[in-house]
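Reviewing the structure listed below.
Protein chains: 2
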Amino acid sequence: MTELEDLCLRKGLRLTEHRRIVLEILDSATDHPCAREIHRRAADGHRIGLATVYRTLNSLTAAGVLTRLTLSDGRTRYERAGASHPHLIDVDTGEILALDEDELARLIEDTATSLGFRLVGYRLRMFGVKP
Amino acid sequence: MTELEDLCLRKGLRLTEHRRIVLEILDSATDHPCAREIHRRAADGHRIGLATVYRTLNSLTAAGVLTRLTLSDGRTRYERAGASHPHLIDVDTGEILALDEDELARLIEDTATSLGFRLVGYRLRMFGVKP
DNA sequence: CTAAATGCAAATCATTTGCAAAGAG
DNA sequence: CTCTTTGCAAATGATTTGCATTTAG
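Put into structure tokens, the structure is as follows:
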């Protein structure tokens, strides 16, 4: 896991088994688990406290490796950080399309710039129905 | 406040002073206050409990009058439903700017259309920092 | 060895809920 | 008068933190 070693070096973090485990869980996950769920999965076969999971998620998020996905159900979910891109959600089926729309991305960036901000990321969720 | 009377009638809710106050605060707000903040503003001149604010926000949200804005700072923020518009969030200060960007809105709508969807709504959140 | 990381339990913070009292229709 | 709404305080649930102990470098 070179990326993690690299990251730890750069951020002055120590490369612990726990960070490996949490990152591995998120890498292999097909969903977006919350802290408790990550702990549940990590604790299966390892000795790891819930507080450690929270701390790890926080440091990895601060380090830019993870992104928080805040849905409105109270729990914070996590995913590997990556390219900001627009999503279109089919309101009828719940299906999510991740779009690759350069023009939108550029306009979004330009808008932020024109307001005097440097764009750190964005999330565009469009809700639509098939007519 | 005919709209509220109407709503209460349709939903079998009672038209109370508290619902009026909460809705009025959200209508006149230029920001997106959280429950505590709404309570703070409402309590200025009125006798209203925090629990009532929460209950009111929940029933108005369930009734479709309000929308929850879930940022990743732990608190849920509220706004009048229906207003799809882009937001830019200052990552350093937490300040939220609700933008009125026609060009973006149009492009977003066009994008959905070109994908064969009718746009029901969208949420664009941009995260930026002041250089 | 020394500072960072961990486990556990206690502490916070936002939000919800139980219950008796107050208010709308 | 009946049923909803409210206030207050206690309960919940997610996340954070204090502290003594362990561990990576």
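Residue numbers (the working numbering), protein chains in the order written: chain A, 11 to 141; chain B, 11 to 141. Think of the CB as a built atom: it goes at the ideal place given N, C-alpha and C, for glycine as much as any other residue.
With fewer than 16 other beta carbons inside 10 angstroms of its own, E13 of chain A counts as exposed. Sorting B:R90, B:A108, B:I35 and B:L23 by C-alpha distance to the C-alpha of A122 of chain A places B:A108 at the top.
Apart from the 5 residues on each side of it in sequence, A91 of chain A sits with its Cβ closer than 7 Å to the Cβ of G74, V75, L76 and T77 in its chain, given in chain order. Residue nearest to K140 of chain A within the set B:L129, B:V139 and B:D16 is B:L129 (criterion: CA-CA distance). Contact between L117 of chain B and E113 of chain A is confirmed by a C-beta separation of about 7 Å, below the 8 Å threshold.
Shown here, L36 of chain A sits in a helix according to DSSP, grouped into three states. Per DSSP, the continuous beta strand (DSSP E) segment holding R87 of chain A begins and ends at T86 to R90. V63 of chain B and Y88 of chain B have their C-alpha atoms spaced approximately 12 Å apart. Distance between A39 of chain A and I31 of chain A, taken at the CA atoms: about 12 Å.
If you check the CB distance, R133 of chain A and R135 of chain B come in under 8 Å. By the C-beta density criterion, G84 of chain B is exposed, having fewer than 16 other C-beta atoms within 10 angstroms. 8 Å or more divides the Cβ of A45 of chain B from the Cβ of L70 of chain B.
Judged by DSSP secondary structure, V130 of chain B falls within the beta strand (DSSP E) whose first and last residues are R128 to V139.
Interface flag for I31 of chain B against chain A is unset, since no Cβ pair is found closer than 8 Å. Note on geometry: alpha-carbon atoms of L79 of chain B and P96 of chain A lie some 18 Å from one another. Interface annotation, A122 of chain B: in contact with chain A, CB-CB separation under 8 Å.
With respect to chain B, the C-beta atom of Y132 of chain A has a partner C-beta closer than 8 Å. Between G131 of chain A and F127 of chain B, the gap from beta carbon to beta carbon reaches 8 Å or more. Inter-residue distance for G55 of chain A and H49 of chain A is about 11 Å (C-alpha atoms, whole angstroms). Close to L125 of chain A, with beta-carbon spacing below 8 Å, are these residues of chain B in chain order: L98, L107, L109 and G138.
Contact with chain B is found for I118 of chain A, since one of that chain's Cβ atoms lies less than 8 Å from the residue's Cβ. DSSP places L114 of chain A inside the alpha helix (DSSP H), whose first and last residues are D112 to S124. In the structure shown, D16 of chain A falls within a helical segment according to DSSP collapsed to helix, strand and coil. A distance of 8 Å or more separates the beta carbons of I35 of chain A and R24 of chain A. Chain A places a beta carbon closer than 8 Å to that of L129 of chain B, counting this residue as a contact.
Beta-bridge partners of R78 of chain A (DSSP): A:Y88.
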